[in-house]
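Have a look at the structure below, then the notes.
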Amino acid sequence: MMLGAKPCIIPTLAGRNGEKNLSAMQFEKGRKRNEPSYLCTLRFEEIEQASGPIPGVIKKLLKEFEDVMPDELPRKLPRRGQLITKSSWKQLKEMLESGIIKPAKSPYGAPVLFQKKADGSLRMCCDYRALNKITVKNKYPIPLVADCFDRLSRAKYFTKIDLRSGYWQVRIKEGDEAKTTVVTRYGAFEFLVMPFGLTNAPATFSTLMNQVLHGFLDEFVVVYLDDIVVYSGTLAEHVEHLRQVLTRLREHELYAKVSKCSFAQESISFLGHIVERGRIRMDPKKVQAIEEWRPPSDVHYAQDPP
Numbered sequence: 001m002m003l004g005a006k007p008c009i010i011p012t013l014a015g016r017n018g019e020k021n022l023s024a025m026q027f028e029k030g031r032k033r034n035e036p037s038y039l040c041t042l043r044f045e046e047i048e049q050a051s052g053p054i055p056g057v058i059k060k061l062l063k064e065f066e067d068v069m070p071d072e073l074p075r076k077l078p079r080r081g082q083l084i085t086k087s088s089w090k091q092l093k094e095m096l097e098s099g100i101i102k103p104a105k106s107p108y109g110a111p112v113l114f115q116k117k118a119d120g121s122l123r124m125c126c127d128y129r130a131l132n133k134i135t136v137k138n139k140y141p142i143p144l145v146a147d148c149f150d151r152l153s154r155a156k157y158f159t160k161i162d163l164r165s166g167y168w169q170v171r172i173k174e175g176d177e178a179k180t181t182v183v184t185r186y187g188a189f190e191f192l193v194m195p196f197g198l199t200n201a202p203a204t205f206s207t208l209m210n211q212v213l214h215g216f217l218d219e220f221v222v223v224y225l226d227d228i229v230v231y232s233g234t235l236a237e238h239v240e241h242l243r244q245v246l247t248r249l250r251e252h253e254l255y256a257k258v259s260k261c262s263f264a265q266e267s268i269s270f271l272g273h274i275v276e277r278g279r280i281r282m283d284p285k286k287v288q289a290i291e292e293w294r295p296p297s298d299v300h301y302a303q304d305p306p
C-alpha cells in the first residue's frame with residue numbers, strides 16, 4: 001500500500017491459534033454466520049532521519065542568518081516580477097491571512113483536494129489539467145540528475161537547503177491571478193503566488209533559482225528545483241560558501257525551512273541517493289519495500305499483495 005507518496009509494507013498479522021486475515025467481504029460473511037472475528041486498527045508513522053551534529057562554526061553562522069529560515073513565510077507578497085474538513089478550511093483561512101490566495105470571481109475554476117503530507121499537515125492539490133492543455137509550454141531545461149551527482153562527487157562537506165513552500169515565494173504575473181482560480185466547498189479562490197500543478201511552474205522556479213544563484217552554480221552550488229546543495233572540500237571553505245548563498249537568499253527575500261535543511265554534513269540524501277565522500281548509493285529507504293517484500297505464500301497473496 002502507499003503511505004503518502006511512498007510504498008509501505010504491512011506484515012501479515014497472524015494469531016497464535018492460526019487466525020487469518022480477512023477481506024471486507026469475508027469479514028461480512030463471517031459476521032452474518034456469527035463467527036468470532038477481530039478488528040485491528042493500523043496507525044502509520046513516518047519518522048524522518050535526523051541529520052548528524054552541526055559544527056559550532058556552522059551554528060554560529062546559522063544564528064546570524066535566522067531571518068532566512070523563519071518558522072513561517074512573512075505575511076507579505078514577494079517583491080519579484082514575476083478532503084474538505086475543518087483542517088482544510090483552517091489551511092484556506094491561513095492562506096487567506098497570509099496573502100497566498102484571495103476570494104475570486106472568475107470564469108476559470110479548477111477542482112481542488114487536500115492531501116496529508118508526511119508531517120501531518122495538508123497540501124492543497126489543484127487539478128490544472130484543463131488550464132495546462134491550453135498553456136504555451138516553457139521548455140526551460142531541468143538539470144540532469146547525473147550532472148548533479150558529478151558535481152558533488154569530489155566534495156567532503158554538504159549543506160542541503162530546502163526552501164519553505166518554494167513555489168509560494170514566486171509572485172503570479174499581475175493580471176493572470178484569475179487563471180489560477182480553484183473551486184472549493186467554501187468558495188472560489190485565486191492564487192497571488194505560484195501554485196503547485198501549473199505546467200510551467202517547475203521551469204519558472206528553475207529560472208528563478210538560476211538567476212538568484214548565478215555565479216555559484218557548478219562552483220560550489222547545485223540546484224534541482226527547490227533543493228539547493230552547497231558543497232565544499234574543507235569546512236573553512238564550506239562556511240564561506242554557505243555565507244555567500246545565505247546572503248544571496250536574504251537579498252532576494254527567499255526563505256528556507258530549517259527543519260528540512262542539513263548543514264555541513266559529510267553525507268546527505270539527495271534525489272533518492274546518499275552522497276558521501278566521492279560515493280553515491282541508493283537511499284535504503286527508497287528500496288526498503290522491495291527488499292522486505294516476502295515471496296507469495298498463497299494464491300490470494302499473489303493476486304492481491306499488500
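280 is the number that full-length UniProt numbering gives to position 280 of the sequence shown; each next residue is one higher, with no gaps.
Note that the Cβ used here is the ideal one computed from N, Cα and C, for glycine as well.
Assuming Ser232 is part of the beta strand (DSSP E), what are its boundary residues? Residue numbering aside, residue 232 sits at position 232 when the sequence shown is read from its first letter. Run containing Ser232: 227-232, per the beta strand (DSSP E) assignment.
Given this structure, state the Cα-to-Cα distance separating Phe220 from Cys261, to the nearest angstrom. Counting from 1 along the sequence shown, the entry for residue 220 is found at position 220. Counting from 1 along the sequence shown, the entry for residue 261 is found at position 261. C-alpha separation (whole angstroms): 17 Å.
Are Ser98 and Ala188 touching if we call contact CB-CB under 8 Å? Here the question's residue 98 lines up with position 98 in the sequence shown. Here the question's residue 188 lines up with position 188 in the sequence shown. Contact flag unset, no.
Reduced DSSP secondary structure (H/G/I, E/B, other) of Leu208: On the sequence shown, residue 208 is found 208 positions in, with the first residue counted as 1. Looking at Leu208 - three-state DSSP - the assignment turns out to be helix.
Val222, enclosing beta strand (DSSP E) - first and last residue: The sequence position of residue 222 within the sequence shown is 222, counting from 1. First-last of the beta strand (DSSP E) with Val222: 221-224.
Is Arg171 helix, strand or coil when you go by DSSP? The count along the sequence shown starts at 1 and reaches residue 171 at position 171. Strand, per DSSP.
Thr180 burial status per 10 Å Cβ neighbour count (16 or more: buried): Walking along the sequence shown from the start, residue 180 turns up at place 180. Thr180 is buried by the Cβ-count criterion.
Can the beta-carbon of Met124 be found less than 8 Å from the beta-carbon of Tyr255? Here residue 124 corresponds to residue number 124 of the sequence shown, with the count starting at 1. Here residue 255 corresponds to residue number 255 of the sequence shown, with the count starting at 1. Cβ atoms of Met124 and Tyr255: not closer than 8 Å.
Pull up the distance between the alpha-carbon of Leu213 and that of Pro296, whole angstroms please. Reading the sequence shown from its first residue, position 213 is the one you call residue 213. Reading the sequence shown from its first residue, position 296 is the one you call residue 296. The straight-line gap from Cα to Cα measures roughly 51 Å.
For Pro53, which of Asp283, Ala264, Ile280 has the nearest alpha-carbon? Position 53 of the sequence shown, counted from the first residue, corresponds to residue 53. The shortest Cα separation from Pro53 among Asp283, Ala264, Ile280 belongs to Ala264.
Check Lys139 in the structure and name its three-state DSSP category. By 1-based counting over the sequence shown, the position of residue 139 is 139. It is coil, neither helix nor strand.
Considering only DSSP beta bridges, list what His273 is partnered with. Numbered from its first residue, the sequence shown carries residue 273 at position 273. BP columns for His273 point to Phe270, Met282.
Using 8 Å as the limit for Cβ to Cβ distance, is Lys173 near chain B? Looking for chain B here will not work: only one protein chain is present.
Rounded to the nearest angstrom, what separates Asn34 and Ser23 at their Cα positions? Residue 34 sits at position 34 when you count from the first residue of the sequence shown. Residue 23 sits at position 23 when you count from the first residue of the sequence shown. Rounded to whole angstroms, Asn34 to Ser23 spans 16 Å at the Cα level.
Should Val222 go down as buried or exposed, given a rule of 16 or more other Cβ atoms within 10 Å for buried? Along the sequence shown, one-based indexing puts residue 222 at 222. Val222 is buried by the Cβ-count criterion.
Residue nearest to Gly197 in terms of C-alpha spacing, selected from Tyr167, Ala236, Asp218: Numbered from 1 along the sequence shown, position 197 holds the residue referred to as residue 197. For Gly197, the nearest C-alpha among the options comes from Tyr167.
Take Tyr186 as the anchor and find which of Ala236, Ser88, Arg129 has the nearest alpha-carbon. One-based indexing of the sequence shown puts residue 186 at position 186. Closest option to Tyr186, Cα to Cα, is Ser88.
Roughly how many whole angstroms lie between the Cα atoms of residue 336 and Phe158? Residue coverage of the chain in this structure runs from 1 to 306, which leaves residue 336 outside it and unanswerable.
Where Tyr140 falls, given that 16 or more other Cβ within 10 Å makes a residue buried: In the sequence shown, the residue the question calls residue 140 occupies position 140. Under this definition Tyr140 is an exposed residue.
Limits of the alpha helix (DSSP H) - the one that Phe149 falls within: As a position in the sequence shown, residue 149 is number 149, starting the count at 1. It spans 145-152 - the alpha helix (DSSP H) in which Phe149 sits, taken as one unbroken run.
What does a CB cutoff of less than 6 Å around Gly81 pick up in its chain, not counting 5 residues either side in sequence? For the purposes of this step, residue 81 is taken as residue 81 along the sequence shown, with counting starting at 1. Because the pLDDT at Gly81 is just 45, under 50, the model does not fix this residue reliably, and the point stays unresolved.
Chain-order list of residues whose beta-carbon lies under 7 Å from that of Tyr224 (same chain, five-residue window excluded): As a working mapping, residue 224 is identified with position 224 in the sequence shown. Excluding residues within five positions, the ones whose Cβ falls inside 7 Å are Pro143, Cys148, Leu271.
Range covered by the alpha helix (DSSP H) that runs through Ile161: Working through the sequence shown from its first residue, we reach residue 161 at position 161. It is not in any alpha helix (DSSP H) - Ile161 instead sits in the beta strand (DSSP E) that spans 157-162.
Neighbour-count burial assignment, Cys193, 16 or more Cβ in a 10 Å radius: Your numbering for residue 193 matches position 193 in the sequence shown. Note that residue 193 corresponds to Val in the displayed sequence, not to Cys. So Val193 counts as buried.
For Ala130, is the classification buried or exposed, using 16 other Cβ atoms within 10 angstroms of its Cβ as the cut-off for buried? As a working mapping, residue 130 is identified with position 130 in the sequence shown. Flag for Ala130 reads exposed.
Exposure label - Ile84; buried when at least 16 CB within 10 Å: Mapped onto the sequence shown, residue 84 falls at position 84. Interpretation of Ile84 is limited by its pLDDT of 46, a score under 50 that renders its predicted location unreliable; no figure is taken from the coordinates.
My guess is that Leu208 and Val170 are in contact by the Cβ rule of under 8 Å, so how many angstroms apart are they, rounded? For the purposes of this step, residue 208 is identified with residue 208 of the sequence shown, where counting begins at 1. For the purposes of this step, residue 170 is identified with residue 170 of the sequence shown, where counting begins at 1. The Cβ separation is near 6 Å, so the contact holds.
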